[in-house]
Amino acid sequence: MARRAEEYEAEIAGLRAELDRLRSAPLITGTLAVGVRRSSLTVAGAEEMLLEVRLDDSIGYINRPMAVLLGVDDRKAVIGTPLSGWDRGPIGPGVLSGIVQVARGATEPQILERVCPDLSWDRLPATSGERPSADPMLRFVATAQQGRVQITAQDVTRLRWLEATFSRYVAPSVIEQMSQMAESDFRRTERRELTMLFGDLRGFTSLSQDLAPEEVLEVVNGFLGNMVQCVERLGGTVDKFMGDGIMAIFGAPVAYPDHALRALVCAVEMQRAHSEWVAAGLAEGRPVARLGLGCATGSVVVGNIGPPSRVDYTVLGHIVNLAARLCGSAGGGEILTTRETHAHALANASKYGGAVPLPRLGFDPKGRMPFKHVSEPIDVISVTRKT
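The sequence shown runs 4 to 390 under my numbering.
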């Protein structure tokens with residue numbers, strides 16, 4: 004009996020240490036845990052499992068999802084019974100009691116995210132999407148209230164899997180949309196019409212020859228940081244960085260009909276943000292370079308591409324090469340695109356859903372231009388922002 008008590012106290016001590024560690028870590032990612040029904044500490048779209056514990060450590064309330072999680076057959080029968088009688092099983096022995104004890108000594112809600120490898124999926128609320136190929140992860144939020152502690156538990160397995168898989172490509176707001184999709188919708192490789200955007204700095208290679216490597220890194224990071232912000236505001240996907248260049252995709256993994264227009268708006272936003280950054284750099288005596296951009300729309304293969312040991316979410320197709328060639332031909336401060344991208348943007352202007360207000364765009368035909376590894380000359384259009 005004494006040995007069981009020692010083991011129980013050891014579990015409580017371990018949970019306290021785990022909570023202390025998590026308390027100093029960023030537990031809520033981006034906007035994904037904001038604006039939900041009961042608390043800003045819960046995750047949007049995830050069903051809540053609720054438990055209330057009284058001062059004497061007995062159960063005061065339990066909802067049906069929490070009853071299923073704990074293996075309770077009769078919810079009414081457990082009211083008033085000790086929590087310790089149910090604080091065991093696949094979520095870990097002593098977990099709930101530990102959270103309750105820590106919450107009682109705190110002024111703010113206490114959060115614990117815990118992987119539960121022994122927990123079967125049938126004990127969790129049903130989800131509209133496919134279950135990810137990962138062990139279940141639960142988020143517990145414990146809040147001390149008058150005479151009781153309320154515990155909210157949510158299944159965050161799918162959300163954390165999405166973040167781990169796609170956070171380097173897309174903004175948190177896009178991951179939130181993806182959490183409502185079936186896993187197969189964004190994991191499979193498929194042919195889809197998308198818009199590609201390429202951008203890089205003009206003459207930066209020669210300009211950086213007089214800089215120390217640390218200075219080059221600082222300049223490139225500052226430039227790319229501005230570009231990523233523009234892509235994220237327009238719902239695009241950052242595919243990769245290429246030295247002082249960036250490649251972005253519009254229309255995947257989340258599909259939207261205005262992908263061409265969003266890419267063009269992103270391009271003018273990039274030029275605006277870069278012009279401000281250049282002006283600040285000149286004032287500070289920092290070396291700067293102008294930005295060239297290219298956009299092209301067409302059919303590509305998109306998805307997780309590569310061997311099992313190194314898979315990347317990316318696109319393949321001649322349109323990708325064309326967008327890169329357009330970028331390479333653009334002068335500093337210039338945006339080049341194709342007639343197809345222009346037509347697609349105009350046709351879907353009424354469906355525009357970007358977070359940036361739709362600016363007045365100007366389109367100036369540049370004529371037909373030949374490009375390396377492109378079979379025929381392309382009708383090229385220069386894009387500007389009208390004042």
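Beta carbons: idealized from backbone N, C-alpha and C, even for Gly.
Once DSSP output is grouped into helix, strand and coil, what is the label at residue i?
| i | result |
| --- | --- |
| T390 | coil |
| D121 | coil |
| S385 | strand |
| Q148 | strand |
| I62 | strand |
| R293 | coil |
| F207 | helix |
| K375 | coil |
| I322 | helix |
| G228 | helix |
| P68 | helix |
| D247 | coil |
| L237 | coil |
Can residue i and residue j be called in contact, C-beta distance under 7 Å?
| i | j | result |
| --- | --- | --- |
| L204 | A292 | yes |
| D382 | R342 | yes |
| T240 | C298 | no |
| L141 | R117 | yes |
| G365 | K389 | yes |
Please report the distance separating the alpha-carbon of residue i from that of residue j.
| i | j | result |
| --- | --- | --- |
| L72 | S332 | 60 Å |
| P85 | D158 | 25 Å |
| S378 | T192 | 26 Å |
| I94 | C119 | 5 Å |
| L214 | E235 | 30 Å |
| R194 | I338 | 26 Å |
| V423 | V105 | Because residue 423 is not part of the residues shown, which for the chain are 4 to 390, the question remains open. |
| H376 | L264 | 26 Å |
| F201 | Y355 | 21 Å |
| Q212 | E218 | 11 Å |
| E55 | I102 | 12 Å |
| R24 | L115 | With a pLDDT of 48 at R24, under the threshold of 50, the modelled position of this residue cannot be trusted; read the value that follows with caution. Looking at the two C-alpha atoms, the distance is approximately 10 Å. |
| Y316 | V304 | 11 Å |
| S353 | L220 | 41 Å |
| G238 | V231 | 11 Å |
| E282 | G295 | Just to set this straight, residue 282 is Ala in the shown sequence, not Glu. Distance between the alpha carbons of A282 and G295 is about 17 Å. |
| A36 | P128 | At A36, the pLDDT of 28 sits below 50, so the modelled position is not reliable; the number obtained from the coordinates is stated separately. For A36 and P128, the distance between alpha carbons rounds to 18 Å. |
| G97 | Q149 | 23 Å |
| A109 | Q153 | 13 Å |
| I322 | S209 | 29 Å |
| G306 | A251 | 14 Å |
| E287 | F244 | 26 Å |
| N229 | A258 | 24 Å |
Say whether chain D places a C-beta atom closer than 7 Å to the C-beta of residue i.
| i | result |
| --- | --- |
| E218 | In the displayed structure, chain D is absent; only one protein chain is listed. |
Quick check on this structure: which residue in the options has the alpha carbon closest to the alpha carbon of residue i?
| i | options | result |
| --- | --- | --- |
| G246 | R78, V223, V359 and P260 | V223 |
| F207 | M199, F226 and P260 | F226 |
| L325 | A258, G301 and A283 | G301 |
| D67 | L267, A156 and E221 | Inspection of the sequence shows that residue 67 is occupied by Arg rather than by Asp. Comparing Cα positions, the closest option is A156. |
| T387 | D60, W124 and A266 | A266 |
| R363 | A348, K369 and G370 | A348 |
| P256 | G228, P216 and E196 | E196 |
| I384 | A350, R91, V359 and H345 | H345 |
| T198 | L361, L319, Y64 and G336 | L319 |
| G248 | C330, R151 and Y64 | C330 |
| W3 | T110, I62 and K79 | Residue 3 lies beyond the range of the chain shown here (4 to 390); nothing can be said about it. |
| G336 | D59, G370 and E279 | E279 |
| N351 | D261, T160 and P216 | D261 |
Can you list, in chain order, the residues of its chain with a C-beta nearer than 6 Å to that of residue i? Leave out the 5 residues immediately preceding and following it.
| i | result |
| --- | --- |
| V75 | V81 |
| M52 | P68, M69, L72 and A156 |
| R57 | G63 and R151 |
| G284 | V291 |
| A327 | F201 |
| F253 | T198, G239, H262, R265 and A266 |
Might you give, ordered along the chain, the residues of its own chain that have their beta carbon closer than 7 Å to the beta carbon of residue i, omitting 5 neighbours on each side?
| i | result |
| --- | --- |
| C233 | C269, E272, M273 and A276 |
| L122 | P93, I94 and P139 |
| P373 | P380 |
Which same chain residues, not among the five before or five after residue i, have their C-beta less than 8 Å away from its C-beta?
| i | result |
| --- | --- |
| D60 | P85, L86, S87, S100 and V103 |
| I65 | L53, L54, E55, L73, V75, R78, V81 and I82 |
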